[in-house]
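The structure appears below as structure tokens.
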Amino acid sequence: MQYHILVKHGMKTKLQSILILTKTASYFGRSLSLIERSISAIALSKPRQTYNLRLTSNDKRSDFENMETSSNTAEVNDNFSASLSFIDIGANMLDPMFKGIYRGKEKHPSDFEEIMDRAWSNGLKKIVITAGTLEESREALKLARTHPNLYCTVGVHPTRCNEFGQDSEVHLAKLRELIQDGLNDSKVIALGELGLDYARTEFCDIETQKKGLLAQLELAKETRLPLFVHNRETGSDLYDILCDNSHCFSRAVIHSFDDTIELANKFLSLNNTHPDKDIYIGLNGCSLKTDENLKVVEELPLNRLLLETDCPWCDIRPTHAGWRFVQSKFPTKPDKKWENGHCVKSRTEPCHMIQVAEIVAGLKGCSVKEVADICYENSIRFYGLQ
Ligand SMILES: [Zn+2]
Numbered sequence: 006m007q008y009h010i011l012v013k014h015g016m017k018t019k020l021q022s023i024l025i026l027t028k029t030a031s032y033f034g035r036s037l038s039l040i041e042r043s044i045s046a047i048a049l050s051k052p053r054q055t056y057n058l059r060l061t062s063n064d065k066r067s068d069f070e071n072m073e074t075s076s077n078t079a080e081v082n083d084n085f086s087a088s089l090s091f092i093d094i095g096a097n098m099l100d101p102m103f104k105g106i107y108r109g110k111e112k113h114p115s116d117f118e119e120i121m122d123r124a125w126s127n128g129l130k131k132i133v134i135t136a137g138t139l140e141e142s143r144e145a146l147k148l149a150r151t152h153p154n155l156y157c158t159v160g161v162h163p164t165r166c167n168e169f170g171q172d173s174e175v176h177l178a179k180l181r182e183l184i185q186d187g188l189n190d191s192k193v194i195a196l197g198e199l200g201l202d203y204a205r206t207e208f209c210d211i212e213t214q215k216k217g218l219l220a221q222l223e224l225a226k227e228t229r230l231p232l233f234v235h236n237r238e239t240g241s242d243l244y245d246i247l248c249d250n251s252h253c254f255s256r257a258v259i260h261s262f263d264d265t266i267e268l269a270n271k272f273l274s275l276n277n278t279h280p281d282k283d284i285y286i287g288l289n290g291c292s293l294k295t296d297e298n299l300k301v302v303e304e305l306p307l308n309r310l311l312l313e314t315d316c317p318w319c320d321i322r323p324t325h326a327g328w329r330f331v332q333s334k335f336p337t338k339p340d341k342k343w344e345n346g347h348c349v350k351s352r353t354e355p356c357h358m359i360q361v362a363e364i365v366a367g368l369k370g371c372s373v374k375e376v377a378d379i380c381y382e383n384s385i386r387f388y389g390l391q
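Mapping of the sequence shown onto our numbering: residues 6 to 391, in sequence order.
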């Protein structure tokens, strides 16, 4: 068993290094007495480096059991995720929750910068900011330009398609202009989110959603950008529209997938019937809630999966079927009691990518690293990134 530990502030003594190990073990939810363990090597005194602690069965148990486990001297950051590579393909980073505002009420100061730091130090290599309206697309592009590893989509969510109004050409022209702007510095890397949502027609009726989708498929044809597709309870309607308009695009991800294996296979079959197509299924916490969800994921091929958090939404809860595979947990507080260095209960962040990977790994019976590596490569290929 091997843990990867990020040592902060320079650990000066063996006691401190053992404290890290102790806290790491409890962080992973494993009691020390159950772990076969020893520290075979730790470099002390070099701060902010990742060291491998190899746990073997040869060492004396008493070495650990006699140690005190509470100490303020060692800051613990057992950072296995730092050794992984993730691209969060669906992060709603414009959401006010990341500024401490929940349903219109400020509950704590903005911790946006801290969230970003936490992402980068937990294996996130790139984050794609999701936009759902023209205005959000503008904001997303602005935000993407503040950091070299942030990117964004441009597009109109199915529930927001009323914004196309009477003259969809005018609206489309504005989206087109924004895309051209964002293509200049390669910050806009996908169209979306676009698609259909029959679960929330109170915001936008089905006919308007379909018109908005078709209008944006024209943009796809012009720009050849990959599609970030939203599909909720549409039967095979969305699939049928994508099939009928398959000349408009070559790459698409059906994000936040929570439908049947039959529908997933239909989307993926486009890869076989159309040699120019590259279609993926996007998974986040909402795709891993129920036993039925998990059965679907079990059957999906790893080389067709992209991972996402859909943050701040789609948190993975103890009541969810996928929870039993989650090993990495982050210090968390309720929004009202937020403190520096803590995530917020029910608010997902990009750093939670590892939990999605852990569940997929558990279902596939392979290592988290293998899942992370394959999905990272899939994402790079999908976006045409380097
Ligand atoms: Zn969506």
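Even glycine gets a Cβ: it sits at the ideal position worked out from N, Cα and C.
These figures come from a predicted structure and were not determined experimentally.
Pairwise C-alpha distance: residue j and residue i
i	j	result
A87	S126	6 Å
M5	I194	Residue numbering for the chain in the displayed model covers 6 to 391; residue 5 lies beyond these limits and cannot be assessed.
E267	K369	19 Å
E344	D93	25 Å
C371	R123	26 Å
H235	L139	16 Å
I134	S191	13 Å
E144	K350	26 Å
I385	F91	10 Å
R409	E118	The first residue shown for the chain is 6 and the last is 391, placing residue 409 beyond what the model contains.
A366	V373	5 Å
L89	A377	7 Å
K226	N250	9 Å
V301	I286	11 Å
V175	L146	20 Å
P406	T213	With the chain represented from 6 up to 391, any question about residue 406 goes unanswered, as that position is not in the structure.
F233	H260	7 Å
M121	L273	33 Å
L177	G187	15 Å
E73	Y388	Since pLDDT at E73 reaches only 31, below the 50 mark, its modelled position is unreliable, and the value read off the structure follows with that caveat. So the two alpha carbons sit approximately 49 Å from each other.
L390	I132	12 Å
P323	E182	44 Å
N308	C157	23 Å
E304	L129	26 Å
C291	F262	8 Å
H325	D315	16 Å
A136	T295	27 Å
N270	L312	18 Å
E198	N298	22 Å
Same chain, Cβ closer than 6 Å to residue i, neighbours up to 5 away in sequence not counted
i	result
R352	M102 and P317
C356	R123, A124 and N127
F335	C348
I364	L293, G327 and F330
K341	K112
Closer than 6 Å: residue i CB and nearest ligand 1 heavy atom
i	result
E198	yes
S173	no
S261	yes
H279	no
H357	no
H325	no
H113	no
H3	Residue 3 falls outside the range modelled here, since the chain spans only 6 to 391, and no answer is possible.
Which residues DSSP lists as bridging residue i, in chain order
i	result
C157	I134 and V193
Y285	V258
C291	According to DSSP, which records beta bridges pairwise, C291 is partnered with nothing at all.
R352	V349
E144	None; E144 has no bridge partner.
C316	A96
F91	L129
H235	G200 and H260
E111	I106
K338	V349
L310	I286
Sequence-distant residues of its chain with Cβ nearer than 7 Å to residue i (five each side left out)
i	result
Q360	I321, V331 and S333
R205	T164
K104	S115 and F117
I211	Y203
Same chain, Cβ closer than 8 Å to residue i, five either side skipped, listed in chain order
i	result
S75	Note that S75 has pLDDT 29, beneath the 50 cutoff, so the model's placement of it is unreliable and the number below is only indicative. Answer for S75: no residue qualifies.
I184	V159, V193, L196, L224, T228 and L230
D245	none
L180	L139, S142, V159, G160, V161, Q221 and L224
C248	L275
A96	I132, V133, I134, T135, E313, T314, D315, C316 and P355
S173	K216, G217 and A220
Residue-level contact to chain D via CB, residue i, 7 Å cutoff
i	result
R256	No chain D is present in this structure, which holds just one protein chain.
Does the count of Cβ pairs from the region 373–382 and the region 152–167 closer than 8 Å reach three? No, they do not touch.
Three Cβ pairs or more, each shorter than 8 Å: is that satisfied between the region 163–179 and the region 212–225? Touching, yes, given that three or more Cβ pairs across the two stretches are closer than 8 Å.
Does the contact criterion of 3 or more C-beta pairs under 8 Å hold for the region 282–295 versus the region 247–261? Taking 8 Å as the limit for Cβ pairs, the verdict is that the region 247–261 does touch the region 282–295.
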